[in-house]
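S.K.: Just remember that our numbering sits 52 ahead of the position in the sequence shown, which is counted from 1. By construction, the Cβ of each residue, glycine as well, lies at the ideal position given by its N, Cα and C atoms.
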Amino acid sequence: MPEIAVLTPDPADQSYASHWPGVLARLEQALAYAGVRLVPLPWTEQISHPARLSTFPLVLPVVVWGYHRDHVRWLEACAAWTVAGAPLANPASVLAWNSDKTYLRRLCERGVPIPETRWLDHLTTEDVSAAAERWGEVVVKPVVSGGAWRTQRLKAGAPVADLPDTPAMVQPFLPAIEVEGELSLLHFGGRFSHAVRKTAARGDFRIQVQFGGALRPRGEASRGCA
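(1) When the distance is taken between beta carbons, is V192 closer than 8 Å to H123?
(2) Would you kindly check if the distance between the Cβ of E234 and the Cβ of I259 is under 8 Å?
(3) Between L105 and A148, is the Cβ-Cβ spacing less than 8 Å?
(4) Between S100 and chain C, is there a C-beta pair that is closer than 8 Å?
(5) Just tell me which of G241, G74, R186 and R249 has its CA closest to the CA of R170.
(6) Cα separation between L140 and G209?
(7) According to the neighbour-count rule (16 or more other Cβ atoms, all chains shown, within 10 Å of its Cβ), is L238 buried or exposed?
(8) Counting C-beta neighbours from all protein chains within 10 Å, is the total for K207 16 or more, i.e. buried, or is it exposed?
(9) Apply the 10 Å Cβ neighbour rule to D217 and answer buried if 16 or more other Cβ atoms are within range, or exposed otherwise.
(10) If you draw a straight line from the alpha carbon of D256 to that of R249, how long is it in whole angstroms?
(11) Expressed to the nearest angstrom, what Euclidean distance is found between the alpha-carbon atoms of T154 and F108?
(12) Who are the Cβ neighbours of F263 in its own chain at under 6 Å, not counting the five residues just before and after it?
(13) Between P269 and S236, what straight-line distance do the alpha-carbon atoms span, to the nearest angstrom?
(14) Measuring CB to CB, does L90 end up less than 8 Å from L79?
(15) Determine the extent of the beta strand (DSSP E) in which R104 is found, giving its start and end residues.
(16) Leaving out the 5 sequence neighbours to the left and right, which residues in its chain are closer than 8 Å to V261 when beta-carbon positions are compared?
(17) Near P102, what residues of its chain come up, given a Cβ to Cβ distance below 7 Å and the 5 sequence neighbours on each side ignored?
(18) Just verifying my parser: in three-state terms, what is the DSSP assignment at H246?
(19) On the three-state DSSP scale, how would you describe V222?
(20) What's the call for P61, buried or exposed, on a 16-neighbour Cβ count within 10 Å?
(21) Return the CA-CA distance between D173 and V180, expressed in angstroms with no decimal places.
(22) Return the first residue and the last residue of the beta strand (DSSP E) that P194 is part of.
(23) Going by the CB atoms, is the gap between A252 and G242 shorter than 8 Å?
(24) May I ask which residues mark the beginning and end of the alpha helix (DSSP H) holding T169?
Given below as structure tokens:
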């Protein structure tokens, strides 16, 4: 049976320990039907000796949850995998680029619509208060984040505290998130596969499962759909 590798969280990071093993198990089951065996490898253990990844025909970086908590090491890992020519499903250079949300600014500059955003290298309470007065309600998050880590929703006039001490982004809160949730479209090899609707628990705005969020499918691929 052929083997492919999947990168998993740092064993020392227990933030998602109750969630990611279940995701891995479903992935293992799906690939087993295709006659493929999955080999889980912590991403943090593939930096000093990245050549190990090259022993696999394919490496899936799909469960590297928590990389944002150690972003410097994540960038080091991506650089090492690039040099080693590791057969990642998405190039390591793309993984590094995608790990910092300022990629959205670059997409916007090229005509891709995104919510109005203020990008700040040094966030202050005055910055947040001014944005909240303008938009009524805002979402504040570090540009390097994941799973709603250090993400806040603040209304105009509300106390501002515990702001990120790293470069951050401020956006108007979109009420549709509470009603409709978020819609994720998944493409593989440039072809649409399926969509997933992510909704928050009542009284929350975060759609992640660790905060009570829920996922449900929204249709499968149509023949010939690109």
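M.R.: Taking the structure as given:
(1) At the C-beta level, H123 and V192 stay beyond 8 Å of one another.
(2) yes
(3) no
(4) Within the model displayed, chain C is absent; a lone protein chain is all it includes.
(5) Of the listed residues, the one whose Cα sits closest to R170 is R186.
(6) 47 Å
(7) Result: exposed.
(8) exposed
(9) exposed
(10) Distance between the alpha carbons of D256 and R249 is about 16 Å.
(11) 32 Å
(12) Sequence-distant Cβ neighbours of F263 in its own chain, meaning closer than 6 Å and more than five residues away, are D256.
(13) 10 Å
(14) Contact flag set, yes.
(15) Run containing R104: none; DSSP gives neither H nor E here.
(16) Cβ neighbours of V261 within its own chain (closer than 8 Å, five residues either side excluded): H71 and L267.
(17) A132, W133, A136 and A138
(18) Strand.
(19) Reduced to three states, the DSSP call for V222 is strand.
(20) buried
(21) 13 Å
(22) E189 to P194
(23) Pairing G242 with A252 gives a Cβ-Cβ distance that is not under 8 Å.
(24) Unbroken run through T169: none, as it is neither H nor E.
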